[in-house]
Amino acid sequence: MSAATDSRSSRPARRFPMTRTRRAGLVNIVLLLIVTALVLFPFLWMISLAFTPAEAAFRDVKIWPDNPTWSNFLTALSVGNLGRAFANSAIVAIVAVISNCVITVAAGYAFAHLPFRGSNLIFYVLIATAAIPVAVTLIPLFLMVANFPLAGGNDLLGRGGSGLADSLGGLAIPYLVGTMSIFLVRQFFTGMSPDLAEAARLDGASEFRVFWNIYMPLSKPIIAVVAIFSFTGVWDDLLWPLVVSSSPKSQTVQLALTGFSQSGNIQYAPLMAATILVTIPVLLVFLFNQRHFISGLSEGAVKG
């Protein structure tokens with residue numbers, strides 16, 4: 001009996017060959033890890049520089065400094081005028097989010113479920129404007145803002161003053177309605193059955209009640225998409241604030257970041273600290289709306 005047991009134990013263990021599917025999955029995991037490391041490395045380097053003493057930045061190349069400090073964040077808040085810039089960007093971003101969530105959702109619903117004569121033509125012309133380069137629209141936008149009637153000393157014809165230039169109102173105008181947001185909302189509502197509205201109309205519900213009580217509660221995912229796109233569009237934009245803003249009173253966070261690299265002396269450590277502070281609101285907005293964002297974006301892009 002013991003000899004039989006010894007002979008069984010001495011047999012080599014059976015090895016299951018790795019299938020092609022498992023090999024492909026393993027290769028994909030390795031590639032994804034490599035790509036993730038390459039993508040995250042600049043962010044890790046940015047965080048490392050933010051906690052490195054300003055005089056030691058780039059002097060000792062290390063993943064993490066020996067003596068981490070918070071002084072760069074204090075410098076960024078005091079010297080970089082980030083406090084006022086944060087407030088300006090937050091005000092403009094909130095206004096843009098509210099206006100887009102109201103106007104683009106209503107417009108997308110109208111294009112999807114309230115067709116009228118020429119609605120398709122208007123919709124396609126509207127979408128075509130998204131192909132116009134932003135640089136082409138800067139001069140017309142600035143002239144419209146500078147000649148805004150009864151603002152900044154202007155008369156009824158928009159003459160005599162500066163209009164909405166160098167003001168939060170002038171900053172907000174280009175962000176009030178997003179063309180691509182209307183497209184996504186329209187595609188989202190197109191995928192919904194019109195039978196819901198017909199049943200409500202038969203019960204005597206008005207069009208506004210149909211929209212507000214039936215379709216709005218179902219459109220939270222696409223509203224989250226519109227809100228995130230609107231917020232990030234304002235928060236990350238540099239070109240339009242650079243054109244319309246000429247003083248610290250209307251400076252945004254992106255303009256404030258450029259202040260660390262002027263006069264040929266770039267303050268890398270405070271700049272990285274300021275960049276982290278500016279990035280945090282965008283990350284928070286996305287993280288708190290991630291579930292609705294992914295579902296709304298996929299449904300809005302596929303349906304229709």
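If you count the sequence shown from 1, position 288 lands on 288 in UniProt numbering, and the numbers rise without skipping. All C-beta atoms in this analysis are idealised placements derived from N, C-alpha and C, irrespective of residue type, glycine included. Note that the structure is predicted; figures quoted are calculated from it, not measured.
Taking DSSP as the reference, what is the three-state secondary structure of residue 89?
Position 89 of the sequence shown, counted from the first residue, corresponds to residue 89. In the structure shown, residue 89 sits in a helix (DSSP, three-state: H, G or I).
For the pair the segment 83-100 and the segment 225-239, tell me if three or more CB-CB distances fall below 8 Å.
yes
On the CB-based measure, 16 or more other CB atoms within 10 Å of its CB, does residue 36 come out buried or exposed?
Within the sequence shown, the letter at position 36 stands for residue 36. With fewer than 16 Cβ atoms within 10 Å of its Cβ, residue 36 is classed as exposed.
Nearest-angstrom Cα separation, counted from residue 221 out to residue 146:
For the purposes of this step, residue 146 is taken as the residue at position 146 of the sequence shown. For the purposes of this step, residue 221 is taken as the residue at position 221 of the sequence shown. Rounded to the nearest angstrom, the two C-alpha atoms are 37 Å apart.
Is the closest heavy atom of the ligand GTP to the C-beta of residue 247 under 7 Å?
Of ligands this structure carries none, so the ligand GTP is not represented either.
Quick one: any contact between the segment 152-166 and the segment 204-218, if contact means 3 or more CB pairs under 8 Å?
no
Hey, which unbroken runs of the alpha helix (DSSP H) at 4 residues or more fall wholly within the segment 70-156?
71-79, 82-113, 119-128, 134-146
In chain order, what residues of the same chain have a beta carbon less than 8 Å from the beta carbon of residue 138, not counting five sequence neighbours either side?
In the sequence shown, residue 138 corresponds to position 138, counting from 1. The residues are 239, 240, 243.
Look at the alpha carbon of residue 237 and the alpha carbon of residue 171, and state the distance between them as a whole number of angstroms.
Here residue 237 is taken as the residue at index 237 of the sequence shown, counted from 1. Here residue 171 is taken as the residue at index 171 of the sequence shown, counted from 1. So the two alpha carbons sit approximately 11 Å from each other.
Taking the alpha carbon of residue 273 as the point to measure from, which residue in 53, 195, 119 has its own alpha carbon closest?
Reading the sequence shown from its first residue, position 273 is the one you call residue 273. With distances taken between Cα atoms, residue 273 lies closest to 53.
Measuring straight from C-alpha to C-alpha, what distance separates residue 141 and residue 188?
Counting from 1 along the sequence shown, the entry for residue 141 is found at position 141. Counting from 1 along the sequence shown, the entry for residue 188 is found at position 188. C-alpha separation (whole angstroms): 30 Å.
Inspect the CB distances between the segment 107-127 and the segment 175-184 and report whether three or more fall short of 8 Å.
yes
Where residue 277 falls, given that 16 or more other Cβ within 10 Å makes a residue buried:
Position 277 of the sequence shown, counted from the first residue, corresponds to residue 277. Burial call: buried.
Use the C-beta contact count for residue 58: other C-beta atoms within 10 angstroms, 16 or more gives buried, fewer gives exposed.
If you number the sequence shown from 1, residue 58 lands on position 58. It counts as exposed.
For the putative contact between residue 93 and residue 235, defined by C-beta atoms under 8 Å, what is the C-beta separation to the nearest angstrom?
As a working mapping, residue 93 is identified with position 93 in the sequence shown. As a working mapping, residue 235 is identified with position 235 in the sequence shown. So it is a contact: roughly 6 Å between Cβ atoms.
Would residue 224 pass as a contact of residue 72 if the rule is Cβ separation under 8 Å?
To locate residue 224, count along the sequence shown from 1; it is residue 224. To locate residue 72, count along the sequence shown from 1; it is residue 72. It is not a contact, given that the beta carbons lie outside the stated cut-off.
State the DSSP-derived secondary structure class of residue 38, mapped to helix, strand or coil.
The residue labelled residue 38 in the question sits at position 38 within the sequence shown. Note: residue 38 maps to helix in three-state DSSP.
For residue 186, is the classification buried or exposed, using 16 other Cβ atoms within 10 angstroms of its Cβ as the cut-off for buried?
Here the question's residue 186 lines up with position 186 in the sequence shown. Looking at its Cβ environment, which holds 16 or more other Cβ atoms inside 10 Å, residue 186 is buried.
Could you round the C-beta distance between residue 48 and residue 63 to whole angstroms and report it? I think they count as a contact, below 8 Å.
Within the sequence shown, residue 48 is the residue found at index 48, counting from 1. Within the sequence shown, residue 63 is the residue found at index 63, counting from 1. Their Cβ separation, rounded to whole angstroms, is 6 Å, which keeps residue 48 and residue 63 in contact under 8 Å.
Under three-state DSSP, which class holds residue 223?
Residue numbering aside, residue 223 sits at position 223 when the sequence shown is read from its first letter. Residue state, collapsed to three classes: helix.
For residue 289, is the classification buried or exposed, using 16 other Cβ atoms within 10 angstroms of its Cβ as the cut-off for buried?
Here residue 289 corresponds to residue number 289 of the sequence shown, with the count starting at 1. Its Cβ being crowded by 16 or more others within 10 Å, residue 289 is buried.
If we call anything under 8 Å between Cβ atoms a contact, is residue 252 one with residue 88?
As a position in the sequence shown, residue 252 is number 252, starting the count at 1. As a position in the sequence shown, residue 88 is number 88, starting the count at 1. Going by C-beta atoms, residue 252 is nearer than 8 Å to residue 88.
Terminal residues of the continuous alpha helix (DSSP H) containing residue 269?
Taking the first residue of the sequence shown as 1, we reach residue 269 at position 269. That run of the alpha helix (DSSP H) goes 268-288.
If you count every other CB in all the chains shown that lies within 10 Å of the CB of residue 260, and 16 or more means buried, which is it?
Residue numbering aside, residue 260 sits at position 260 when the sequence shown is read from its first letter. Answer is buried; the Cβ neighbour count reaches 16.
Nearest-angstrom Cα separation, counted from residue 90 out to residue 249
Looking up residue 249 in the sequence shown gives position 249. Looking up residue 90 in the sequence shown gives position 90. If I take the Cα positions, the gap works out to 14 Å.
Nearest-angstrom Cα distance between residue 125 and residue 204?
Here residue 125 refers to the residue found at position 125 of the sequence shown. Here residue 204 refers to the residue found at position 204 of the sequence shown. Near 35 Å, if we compare the C-alpha coordinates of residue 204 and residue 125.
Measure the C-alpha to C-alpha separation of residue 69 and residue 143 and round it to an integer number of angstroms.
Taking the sequence shown and counting its residues from 1, the one referred to as residue 69 is at position 69. Taking the sequence shown and counting its residues from 1, the one referred to as residue 143 is at position 143. So the alpha carbons of these two residues sit roughly 46 Å apart.
Indicate whether at least one CB of chain D lies closer than 8 Å to the CB of residue 281.
No chain D appears in this structure, which consists of one protein chain only.
Comparing alpha-carbon positions, which option in 285, 286, 271 lies nearest residue 74?
As a working note, residue 74 is residue 74 in the sequence shown. The shortest Cα separation from residue 74 among 285, 286, 271 belongs to 271.
Whole-angstrom distance between residue 287 and residue 307, CA atom to CA atom
Not covered by the structure: residue 307. The range shown for the chain is 1 to 304.
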